[in-house]
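K.L.:
Residue numbers (our numbering), protein chains in the order written: chain F, -3 to 289; chain D, 7 to 272; chain E, 131 to 408.
Using N, Cα and C, we set each Cβ at its ideal position, and we do this for glycine too.
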Amino acid sequence: MVSLMETRSAKELSEIPVDPSAVRRPARATMSPGQLAGRFWRARWFVVLRAFAVFIALWWGVSAWVSSPIQMPTPAKVFDAFLGLASSGELFQHIWISTQRLLVALVVATTIAVPLGFFMALNREANAFIDPLVELLRPISGIAWIPLGLFIFGVGGTLPVFIMAYVAFFPLLLNTVDGVKGIDRKLLAAAETMGVSRRARLTHIAVPAALPSVMVGFRIAFASAWAAIIAAELIGSPSGLGFAIEWYRQLLMSPKVFAFIMTIGAVGYLCDLGLRALQRKLTPWAEGTGIGQ
Amino acid sequence: MTTATHRFSITSLPPAVKAVTLPILLILAWQAWTLTLPENSPAPAPAKVVASFLALTASGDLIWSTLQSLGRVIAGFAIAMVCGISLGVLMGSSKAVRENLDPIVESFRPIAPMAILPIAILWFGTGTPAALTIVAYAAFFPLLVNTVYGVSRVDRQLVRAAQTMGIGRLRTVLAVIVPAAVPSVLLGSRLAMGVAWTAIIAAELAVGAKSGSGGSGGIGNMMFIFYAYSVDLNGIVVCMIVVGVIALLIDRLFRAAETRLLPWRT
Amino acid sequence: MTVATMPTSQKPKLRLQNVTKEFVAKRTGQKTLAVSDFSLDVRPGEFLCVVGPSGCGKSTVLNMIAGLDQPTEGSIVMDGQLVTRPGAERGVMFQDYALFPWKSVRDNVGFGLKHGTPGNGLSPVERRERVDHFVKMVGLEAAATKYPHQLSGGMRQRVALARLLANGPEVLLMDEPLGALDAQTRMVLQVELLRIWGEAADHGERKTVVFITHGIDEAVFLADRVVVMSSHPGRVSAVIDIDIPRPRTEHIRSEPRFGQLTDEIWSLIRDEAYQAIA
Chain F
-3 MVSLMETRSA KELSEIPVDP SAVRRPARAT MSPGQLAGRF WRARWFVVLR
47 AFAVFIALWW GVSAWVSSPI QMPTPAKVFD AFLGLASSGE LFQHIWISTQ
97 RLLVALVVAT TIAVPLGFFM ALNREANAFI DPLVELLRPI SGIAWIPLGL
147 FIFGVGGTLP VFIMAYVAFF PLLLNTVDGV KGIDRKLLAA AETMGVSRRA
197 RLTHIAVPAA LPSVMVGFRI AFASAWAAII AAELIGSPSG LGFAIEWYRQ
247 LLMSPKVFAF IMTIGAVGYL CDLGLRALQR KLTPWAEGTG IGQ
Chain D
7 MTTATHRFSI TSLPPAVKAV TLPILLILAW QAWTLTLPEN SPAPAPAKVV
57 ASFLALTASG DLIWSTLQSL GRVIAGFAIA MVCGISLGVL MGSSKAVREN
107 LDPIVESFRP IAPMAILPIA ILWFGTGTPA ALTIVAYAAF FPLLVNTVYG
157 VSRVDRQLVR AAQTMGIGRL RTVLAVIVPA AVPSVLLGSR LAMGVAWTAI
207 IAAELAVGAK SGSGGSGGIG NMMFIFYAYS VDLNGIVVCM IVVGVIALLI
257 DRLFRAAETR LLPWRT
Chain E
131 MTVATMPTSQ KPKLRLQNVT KEFVAKRTGQ KTLAVSDFSL DVRPGEFLCV
181 VGPSGCGKST VLNMIAGLDQ PTEGSIVMDG QLVTRPGAER GVMFQDYALF
231 PWKSVRDNVG FGLKHGTPGN GLSPVERRER VDHFVKMVGL EAAATKYPHQ
281 LSGGMRQRVA LARLLANGPE VLLMDEPLGA LDAQTRMVLQ VELLRIWGEA
331 ADHGERKTVV FITHGIDEAV FLADRVVVMS SHPGRVSAVI DIDIPRPRTE
381 HIRSEPRFGQ LTDEIWSLIR DEAYQAIA
């Protein structure tokens, strides 16, 4: 969902600034029933629950109105299909395959992009040579590599990994370069006046200073890769979540298609949640951990 | 080692030369590698790619396909713009609407545009409407999210300042909130156009892959035909380059529009 | 409760009576008393400064006079009319100036004339003349087509002042308008502010000013009277008459009376200021 064109600056990325109603203060003991009901009505979990209830009711209404189980299965049918897929283990099998590929691709992209990013940011000459090549390749979306990739790797598991690693590479690289270049020069100068060695300056100043930006890059890389894997698996792989939705579409088993689509969303959401937690854990000092801030 | 001034030094090269060095070296290496392959190898070679580009341009196929894809992107983008911006203004200006719709929007956001494709095919078949659905879906979220952000983040002090000048409610929306939200909306449009272009390639590629040669055209479909039927890898590379160039042009166009329309920004 | 009584027979321009403001946090229902039982008369044409430790509710009082916030209890009356909402007769200069970033200097100054009630009954030519007049008054003719981000802090402050005056308010409400500036610029602009306010003119032609500041010497330099507030909750702790004759020039800062008044005010808020840091 994140465009490749936008990896340059994390600031420009779109994300609703989530307000997890940050501070929780103890409620006052004295509350009228009306106030209590009001609080309940406004409580975050209740709002979410209510929104989903309305959404499912609408869905039900539409499916009843359309009355074509292939085009618009009812929520109950989809839930049934979901349970069936879960109990047979098929669901987890595809999730496992896709996330495994995702993980491999992210590891590959990170091991290449982050060191290269440090190298490019710290070495102006290298940057002058490499950056133009990066800018030349960056506009070519990962999707456009699929036909050529199919030729090189054939239908299978390598193609999705290649596409995802390619897609994840650019945001990681550019955010690493930005992060390292954005290091406060005064911090390095301060360390020098304290007689800190060059090596220690790299590990104790440059790396932590660049980490918030790298983490943002990693989240963008994940989001781009997760969007790309569906396309790659749908076209050029005999397994994985992207394959599954298209497979069941061809069999006209719509409830299963819907169940898998919802799974794609849920897995993507949970992974991002995990990455946010990781971000907070690794870079608790960073202001505005959101991609959009 | 006495006179360093006469020694050749890489660092003294002009920036433009530095910029083209690696790409040219890579292309030369690629060309050299293909020369070692047997004559009938399908592997793409730079010289053949250029020839293929010229042939495809001369026949008009490339231009027609590109225009077809662009037309779909613009149509899908327009749909997304109408839906995304209007809903965004609504969500941005009313906290109640925002809180109630946010869970739904956030649940759909991690669903990749391509995941919608099977549903789009179920609903509309493998023609243009399915591709439009994917494009509109892809472009919708950046537009929505940035509009919401822009509208809800309008400096409250500016609204209050307008109130103290005896400016009415409607006028405040028009003269304060709308201009304040424009930068975000433009940014959202640029992002949306970028993902829309990627999405149309994916959609055309996949629709081609799933419907055989009777696909609905466009540059993505062209790539698929080169892959699956004519086995023309040079043609595929030509298409990839065109995809990249268009993406770059779209990005530049929108950035130029931003600087042009927002001279008051730093 | 100290109530500033009227020494003369003239009617107050503004009358704040037992004004109390309580904020209620929406989700938790927790209440905070920001201002308590605040009573004050502001005379027509006077320059009134409000000082107090940070967080004492100065800005809240100003916002209530502006009509941007409503008091929980008590009333604010201007010329016999209850204040219930914002209006152009009470112009506000905000702490961070609240300039419209997408408008040039000229268009910022003319914003109220173009979109709001101050422009009613004015022809386009008259509006343009009025904008020109105030842009010139603050000395920004050369920068008239620039955008706020191209201006220095002092220039932005002038734009805000010109915009405030262009709307022709009867009462000027200023929320630490010089707070964000460096010390030298501030001193220069203090003198200029008095000039523009009409210090040299007849008393009857001066606008009524309520000026919030945390600078005690600034308050003494500018004001006819200084209201000293104490915090938690915000209330009036003293009202001090500044008996330094006008027009005031730079050199009054070194006069003994200036030092006496500054010390007197400082002694009133010193304890709270120390508490706030500790």
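Near A101(F), which residues of its chain fall below 7 Å by C-beta distance, leaving aside the five closest residues on each side in sequence?
P.N.:
Along the first sequence, one-based indexing puts residue 101(F) at 105. Excluding positions up to five away in sequence, the list reads V157, M160, A161, A164, A221.
K.L.:
With a cut-off of 7 Å, does the C-beta of P254(E) fall near any C-beta of chain D?
P.N.:
Residue mapping note: residue 254(E) aligns to position 124 of the third sequence, counting from 1. No, because no Cβ of chain D sits closer than 7 Å to the Cβ of P254(E).
K.L.:
Would you kindly report the start and end of the unbroken beta strand (DSSP E) that includes I206(E)?
P.N.:
On the third sequence, residue 206(E) is found 76 positions in, with the first residue counted as 1. Segment 203 to 208, the beta strand (DSSP E) holding I206(E).
K.L.:
Classify M304(E) as helix, strand or coil using the three-state DSSP reduction.
P.N.:
Residue mapping note: residue 304(E) aligns to position 174 of the third sequence, counting from 1. Strand, per DSSP.
K.L.:
Could you tell me if R266(D) is buried or exposed, where buried requires 16 or more neighbouring beta carbons within 10 angstroms of its beta carbon?
P.N.:
Counting from one through the second sequence, the residue named residue 266(D) turns up at place 260. By the neighbour-count rule (16 or more Cβ atoms within 10 Å), R266(D) is not buried but exposed.
K.L.:
So, is A35(D) buried or exposed, given that buried needs 16 or more other C-beta atoms within 10 angstroms?
P.N.:
Counting from one through the second sequence, the residue named residue 35(D) turns up at place 29. Counting Cβ neighbours within 10 Å, A35(D) comes out exposed, since fewer than 16 surround it.
K.L.:
Measuring straight from C-alpha to C-alpha, what distance separates D262(E) and P299(E)?
P.N.:
By 1-based counting over the third sequence, the position of residue 262(E) is 132. By 1-based counting over the third sequence, the position of residue 299(E) is 169. Rounded to whole angstroms, D262(E) to P299(E) spans 18 Å at the Cα level.
K.L.:
Hey, out of A164(E), V149(E), P142(E), whose CA is closest to L178(E)'s CA?
P.N.:
Reading the third sequence from its first residue, position 48 is the one you call residue 178(E). The residue with the shortest Cα to Cα distance from L178(E) is P142(E).
K.L.:
DSSP beta-bridge partners for T150(E)?
P.N.:
Against the third sequence, residue 150(E) aligns to sequence position 20. T150(E) is bridged to E203(E).
K.L.:
Suppose the cutoff is 7 Å on Cβ atoms and the five residues either side in sequence are ignored; what does the same chain contact list for S59(F) look like?
P.N.:
The count along the first sequence starts at 1 and reaches residue 59(F) at position 63. Counting only Cβ-Cβ distances below 7 Å, and skipping sequence neighbours, we find M68, P69, T70.
K.L.:
Any idea which residues DSSP pairs T162(E) with across the strands?
P.N.:
Working through the third sequence from its first residue, we reach residue 162(E) at position 32. DSSP lists F153(E) as partners of T162(E).
K.L.:
Bridge partners for V176(F) per DSSP, in chain order?
P.N.:
Here residue 176(F) refers to the residue found at position 180 when the first sequence is read from its first residue. Looking at the DSSP assignment, V176(F) forms no beta bridge with any residue, so it has no partner.
K.L.:
Could you check where the alpha helix (DSSP H) with V248(D) kicks off and where it finishes?
P.N.:
The residue you call residue 248(D) lines up with position 242 of the second sequence. Where V248(D) is concerned, the enclosing alpha helix (DSSP H) stretches over 239 to 267.
K.L.:
By Cβ distance, which residues of its chain are closer than 7 Å to R197(F), with the 5 residues on each side in sequence left out?
P.N.:
Taking the first sequence and counting its residues from 1, the one referred to as residue 197(F) is at position 201. Hits under 7 Å: L184, A187.
K.L.:
Given a cut-off of 7 Å on the beta-carbon distance, is the pair V165(D) and V179(D) in contact?
P.N.:
Counting from one through the second sequence, the residue named residue 165(D) turns up at place 159. Counting from one through the second sequence, the residue named residue 179(D) turns up at place 173. Their beta carbons are not under 7 Å apart, which means V165(D) does not touch V179(D) by this criterion.
K.L.:
Based on DSSP bridge pairs, tell me the residues matched to L144(E).
P.N.:
Within the third sequence, the letter at position 14 stands for residue 144(E). The partner list for L144(E) (beta bridge, DSSP) reads V172(E), M208(E).
K.L.:
Return the CA-CA distance between S15(D) and E121(F), expressed in angstroms with no decimal places.
P.N.:
Here residue 15(D) is taken as the residue at index 9 of the second sequence, counted from 1. Here residue 121(F) is taken as the residue at index 125 of the first sequence, counted from 1. Going by the C-alpha atoms only, they are around 11 Å apart.
K.L.:
Just by C-beta distance, which residues in the stretch 167 to 178 of chain D are closer than 9 Å to chain E?
P.N.:
Result list: A167, A168, Q169, T170, M171, G172, I173, G174, R177, T178.
K.L.:
Could you tell me which residues DSSP puts in a beta bridge with S360(E)?
P.N.:
Here residue 360(E) is taken as the residue at index 230 of the third sequence, counted from 1. Paired residues: R365(E).
K.L.:
Which residues, taken in chain order from the stretch 269 to 287 of chain E, show a beta carbon closer than 7 Å to some beta carbon of chain D?
P.N.:
For the stretch 269 to 287 of chain E, which is checked against every Cβ of chain D, the residues closer than 7 Å are Y277, H279.
K.L.:
What's the gap between the Cα of G223(D) and the Cα of L128(D)?
P.N.:
Here the question's residue 223(D) lines up with position 217 in the second sequence. Here the question's residue 128(D) lines up with position 122 in the second sequence. Those two C-alpha atoms are separated by around 19 Å.
K.L.:
Look at Q37(D) and P21(D) and say whether their C-beta atoms are less than 7 Å apart.
P.N.:
In the second sequence, the residue the question calls residue 37(D) occupies position 31. In the second sequence, the residue the question calls residue 21(D) occupies position 15. Contact: no.
K.L.:
Whose C-beta lies closer than 8 Å to the C-beta of T135(E) among residues of the same chain, with five residues either side of it excluded?
P.N.:
Here residue 135(E) refers to the residue found at position 5 of the third sequence. Interpretation of T135(E) is limited by its pLDDT of 46, a score under 50 that renders its predicted location unreliable; the figure taken from the coordinates is listed afterwards. D171, listed in sequence order.
K.L.:
Taking one C-beta from the stretch 319 to 335 of chain E and one from the stretch 155 to 167 of chain E each time, how about it: are there three or more such pairs within less than 8 Å?
P.N.:
Not touching, per the Cβ criterion.
K.L.:
So what's I186(E) in DSSP terms, helix, strand or just coil?
P.N.:
Here residue 186(E) refers to the residue found at position 56 of the third sequence. The sequence shown places Cys at residue 186(E), not Ile. Coil at C186(E), not helix or strand.
K.L.:
Distance check for M97(D) and V111(D), CA to CA, integer angstroms please.
P.N.:
Position 105 of the second sequence holds residue 111(D). Position 91 of the second sequence holds residue 97(D). For V111(D) and M97(D), the distance between alpha carbons rounds to 11 Å.
K.L.:
For the stretch 88 to 105 of chain D, which residues have a CB atom closer than 8 Å to at least one CB atom of chain F, in sequence order?
P.N.:
So the close ones are E105.
K.L.:
Let's see if you can read the secondary structure: which residues bound the alpha helix (DSSP H) around M258(F)?
P.N.:
Within the first sequence, residue 258(F) is the residue found at index 262, counting from 1. Segment 250 to 278, the alpha helix (DSSP H) holding M258(F).
K.L.:
Please check if any C-beta of chain F sits within less than 7 Å of the C-beta of S219(D).
P.N.:
For the purposes of this step, residue 219(D) is identified with residue 213 of the second sequence, where counting begins at 1. Note that S219(D) scores 49 on pLDDT, short of 50, meaning its location in the model is unreliable; the coordinates nonetheless yield the value given after this. Cβ-Cβ to chain F under 7 Å: no for S219(D).
K.L.:
If distances are taken between C-alpha atoms only, which option among R162(D), G250(D), L76(D), N240(D) comes closest to R141(D)?
P.N.:
By one-based count along the second sequence, residue 141(D) stands at place 135. Strictly speaking, residue 141(D) in this sequence is Val, with Arg absent from that position. If we check each option's Cα against that of V141(D), L76(D) comes out closest.
K.L.:
Counting only Cβ-Cβ distances shorter than 7 Å, please list the residues of the stretch 229 to 243 of chain E near chain D, keeping chain order.
P.N.:
Under the 7 Å Cβ criterion, the stretch 229 to 243 of chain E contributes F230, P231, W232, F241, G242.
K.L.:
Leaving out five residues on either side along the sequence, give the residues of the same chain with a beta carbon under 8 Å from the beta carbon of E240(D).
P.N.:
For this step, residue 240(D) is matched to residue 234 along the second sequence. Reading the sequence as shown, one finds Asn at residue 240(D) and not Glu. Answer for N240(D): P50, A51, K54, V55, A57, S58, listed in chain order.
K.L.:
Under 8 Å between beta-carbons, which chain B residues line up against G221(E)? List them in chain order, please.
P.N.:
As a matter of chain content, chain B is missing from the structure shown, whose protein chains are F, D and E.
K.L.:
Counting beta carbon pairs with one atom in the stretch 138 to 158 of chain D and one in the stretch 78 to 87 of chain F, are three or more of them shorter than 8 Å?
P.N.:
The stretch 78 to 87 of chain F is not in contact with the stretch 138 to 158 of chain D.
K.L.:
Classify I242(D) as buried or exposed, calling it buried when 16 or more other Cβ atoms lie within 10 Å of its own Cβ.
P.N.:
Indexing the second sequence from 1 puts residue 242(D) at position 236. When all chains shown are included, I242(D) counts as buried.
K.L.:
Hey, quick one: how far does the beta strand (DSSP E) through I342(E) stretch, first residue to last?
P.N.:
What you label residue 342(E) is simply residue 212 of the third sequence in a count that begins at 1. That run of the beta strand (DSSP E) goes 338 to 342.
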